[in-house]
Amino acid sequence: MIRKPPRPVPTTPLVTPLMPSVVYTSEGLDALDAIYKTGTGFTYAREGHPNASHLAQMIDHLEGAQDGTVVSSGMAAVSAALIGACQAGDHIIGSQELYGRSLRLLNEDLPRLGIETSLADTTDVNAVAQALKPNTKAILVEVVANPTLRIADMVGLRGLCQEHGILLIVDNTFTTPRGFAAHTFGADITLHSVTKLLAGHSDATLGYVVARNQDLNTAIRTVAVTWGMTASPFDCWMAERGLMTFAMRYDRAEQTAGLLADALADLKPVTSVLYPGRKDHPDKARAEALLGTSFGNMVTFTLDGGRDLANAFVRTIDLAFAPTLGDVSTTMSNPETSSHRALSPEQRASLGLYPATFRISVGMEEPDALCDTFTQAILAIAG
Ligand SMILES: *Cc1c(COP(=O)(O)O)cnc(C)c1O
0 MIRKPPRPVP TTPLVTPLMP SVVYTSEGLD ALDAIYKTGT GFTYAREGHP NASHLAQMID
60 HLEGAQDGTV VSSGMAAVSA ALIGACQAGD HIIGSQELYG RSLRLLNEDL PRLGIETSLA
120 DTTDVNAVAQ ALKPNTKAIL VEVVANPTLR IADMVGLRGL CQEHGILLIV DNTFTTPRGF
180 AAHTFGADIT LHSVTKLLAG HSDATLGYVV ARNQDLNTAI RTVAVTWGMT ASPFDCWMAE
240 RGLMTFAMRY DRAEQTAGLL ADALADLKPV TSVLYPGRKD HPDKARAEAL LGTSFGNMVT
300 FTLDGGRDLA NAFVRTIDLA FAPTLGDVST TMSNPETSSH RALSPEQRAS LGLYPATFRI
360 SVGMEEPDAL CDTFTQAILA IAG
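In numbering that gives the first Met the number 0, the protein residues as written are 0 to 382.
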C-alpha cells in the first residue's frame, strides 16, 4: 500500500477537520526550506500542527493577543513561560496561593535548575516589594486565588513590575479573558489551563501561553517544542468545540454562582461564604475595580463541623466530588484533602480553610435547582 496524501478539494468543511497527522509532506526541497524560513506551514507535529494553531488563534482573539501557543496542559504553559523567560541566577516571586503544582515548580523544580524563587502575599504589593531582589526577573500571579478567592493587587503589581523592569506573568485560568483581560491589562505573559473553563467539558487537557514581547514569545514556544509540551490534536479539536460556547457557559455559571453564594450565606449551618461579589468579601472593592461585575464561577463555603460532617455532606449531595473546575456540571472539592493537603491544619486555618470547607465550581445547571440541591443537602446533614 503506497500512501498518497489527500488532494485539496474546492469545497471547505464548516467544522475544523481533526488532523492527527504527525508529518507533513512538501512539494520539494525549496518548498520545505520556505516553510522553515517563514514559519508558515507544518512539518512535524511536535513543532506545531493545524489543530493547535487554530485553537491558539481562537484564544489569541479572546485575549486580544497575537501568536500564542497551545501546549499539552496548563502546567506545560506555566513551565514553558518560566523556563522560557528565566535562566539560572534569576529570581522569581510567586503568589503564596498559586495552583499547587505551580507552587511545587517554584519550591522544588526551578531551584534545582539554579533559579531562585520566593513566595509572597500578592494581595499586598508592599509584601511583594519586600520580596524583591536585584535579580528578580518575574512575578507569577493568579488574579483570584484558590480557594480563598482573595484578589491580587494587580494594579500595584503592574506598577511594581514596570518600575523595576520585571515580567508580570498572569495565570488567567480562574478569571478567563471574559472576567479579566490579562493581556490588555498589561501582563507580559498570559497563560491559561485551557482544561478548565475555556474547554469546559473535562475531556481535554491543554494549556495556552502568550508573551507580549515577540522574542520572548518565540523563546517560550521554542521551550514548548524542545521540551516536548506538544498538545494532542484530538484535545485541541475537542477544546475548539468547547470554546464555541465558552462565553455563554461562563456568563451562566457566573450568574448562578452569585445566587448560590447568597443562598448558602442564608443557611445556619454555613459558617462562612467566600465570593468576590459579596459585600462581606475582604477584597470586594478591588474585585469591583478589576473585574467589574464578573466575579467568576467559584464559591467557597465552610460548614459548621468536622471531617465526619464533611463526609456526610459529600455522600448526601447529588453532585460530583472531584478536584477540578470549570466543567459544564457543578463540581465540589475539599481543599484539606486535595489542593491544600500538603499544609498543616494550622496553616490551613490561617487561610480560613477547615475540614468542612468546600470549593464549588458552578456549572450550567438550572440556578434555582442547584441552590435547592445545596440547601436540601446541608439541612439534611446538619438537622
Ligand atoms: C488547573 C490549573 C492549572 C494547571 O492546569 P492543567 O491543565 O491541569 O495542567 C494551572 N493553574 C490553575 C489556576 C489551575 O486551576
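Glycine included, every Cβ here is placed at the ideal spot set by N, Cα and C. Fair warning: this is a prediction, and the values are worked out from it, not measured in the lab.
Nearest-angstrom Cα separation, counted from residue j out to residue i
{"i": "Glu239", "j": "Ala198", "result": "7 Å"}
{"i": "Asp421", "j": "Met243", "result": "Residue 421 cannot be examined here, being either before or after the span of the chain that is shown, 0 to 382."}
{"i": "Arg149", "j": "Gln375", "result": "28 Å"}
{"i": "Ser231", "j": "Asp279", "result": "43 Å"}
{"i": "Thr174", "j": "Glu26", "result": "45 Å"}
{"i": "Asn125", "j": "Pro281", "result": "17 Å"}
{"i": "Met96", "j": "Leu118", "result": "First, the residue type needs correcting, since residue 96 is Glu and not Met in the sequence shown. Their backbone Cα atoms lie some 9 Å apart in a straight line."}
{"i": "Asn310", "j": "Gly158", "result": "45 Å"}
{"i": "Pro49", "j": "Gln56", "result": "11 Å"}
{"i": "Asp234", "j": "Leu61", "result": "19 Å"}
{"i": "Thr39", "j": "Ala186", "result": "27 Å"}
{"i": "Ile92", "j": "Asn333", "result": "27 Å"}
{"i": "Gly257", "j": "Asp265", "result": "13 Å"}
{"i": "Ala286", "j": "Asn171", "result": "15 Å"}
{"i": "Met363", "j": "Ala181", "result": "25 Å"}
{"i": "Leu190", "j": "Leu105", "result": "16 Å"}
{"i": "Ser343", "j": "Gly88", "result": "31 Å"}
{"i": "Gly305", "j": "Glu345", "result": "15 Å"}
Backbone secondary structure at residue i - three-state DSSP
{"i": "Ser78", "result": "helix"}
{"i": "Ser332", "result": "strand"}
{"i": "Tyr35", "result": "helix"}
{"i": "His182", "result": "helix"}
{"i": "Met237", "result": "helix"}
{"i": "Glu345", "result": "helix"}
{"i": "Lys267", "result": "coil"}
{"i": "Arg229", "result": "Looking at the sequence provided, one finds Thr at residue 229 rather than Arg. In this structure, Thr229 counts as strand in the three-state DSSP scheme."}
{"i": "Leu17", "result": "coil"}
{"i": "Thr356", "result": "strand"}
{"i": "Leu388", "result": "Residue 388 cannot be examined here, being either before or after the span of the chain that is shown, 0 to 382."}
{"i": "Glu287", "result": "helix"}
{"i": "Val222", "result": "helix"}
{"i": "Ile138", "result": "strand"}
{"i": "Leu302", "result": "strand"}
{"i": "Ala84", "result": "helix"}
{"i": "Leu273", "result": "strand"}
Limits of the unbroken alpha helix (DSSP H) element including residue i
{"i": "Asp250", "result": "245-264"}
{"i": "His60", "result": "49-62"}
{"i": "Phe294", "result": "First-last for Phe294: undefined, no H or E at that position."}
{"i": "Val313", "result": "306-315"}
{"i": "Ala151", "result": "From DSSP, Ala151 is part of no alpha helix (DSSP H); its letter is neither H nor E."}
{"i": "Asp89", "result": "Careful: Asp89 lies outside any alpha helix (DSSP H) and carries neither H nor E."}
{"i": "Asp367", "result": "366-381"}
N-terminal and C-terminal residue of the beta strand (DSSP E) that residue i is part of
{"i": "Val70", "result": "68-70"}
Proximity winner among the options, relative to residue i (alpha-carbon distances)
{"i": "Gly291", "options": "Arg177, Thr323, Ala230", "result": "Arg177"}
{"i": "Val383", "options": "Asp307, Phe312, Thr301", "result": "Here the chain has residues from 0 to 382 only, and residue 383 is not among them."}
{"i": "Ala151", "options": "Arg157, Gly158, Val142", "result": "Val142"}
{"i": "Lys3", "options": "Val14, Leu17, Pro19, Tyr23", "result": "Tyr23"}
{"i": "Ala260", "options": "Val272, Leu105, Glu107", "result": "Val272"}
{"i": "Asn296", "options": "Leu308, Glu253, Leu266", "result": "Glu253"}
{"i": "Phe184", "options": "Gln86, Ala288, Met237", "result": "Ala288"}
{"i": "Lys132", "options": "Glu107, Cys160, Thr122", "result": "Cys160"}
{"i": "Arg103", "options": "Leu369, Ala341, Ser360, Arg347", "result": "Ala341"}
{"i": "Ala381", "options": "Ser349, His339, Asp303, Pro366", "result": "Asp303"}
{"i": "Tyr207", "options": "Ser338, Val169, Ala284", "result": "Val169"}
{"i": "Ile390", "options": "Gly99, Gly113, Tyr98, Leu81", "result": "In the structure as shown, the chain begins at 0 and stops at 382. Residue 390 is therefore absent and cannot be evaluated."}
heavy atom of ligand 3 below 7 Å from residue i C-beta
{"i": "Val77", "result": "Ligands in the displayed structure: ligand 1; ligand 3 is not one of them."}
CB contact check: residue i to chain C, cutoff 8 Å
{"i": "Ala230", "result": "The chain inventory of the structure shown lacks chain C, comprising one protein chain alone."}
Length-filtered (4 minimum) alpha helix (DSSP H) runs lying within the region 94-134: If one requires a minimum length of 4 residues, the alpha helix (DSSP H) runs lying completely within the region 94-134 are 99-103, 124-130, in chain order.
Ranges of the beta strand (DSSP E) found wholly within the region 154-178, counting only runs of at least 3: Segments of the beta strand (DSSP E) lying fully in the region 154-178: 166-170.
Residue ranges of each beta strand (DSSP E) within the region 183-212, 3 or longer: DSSP runs (the beta strand (DSSP E)) wholly in the region 183-212: 188-192, 206-210.
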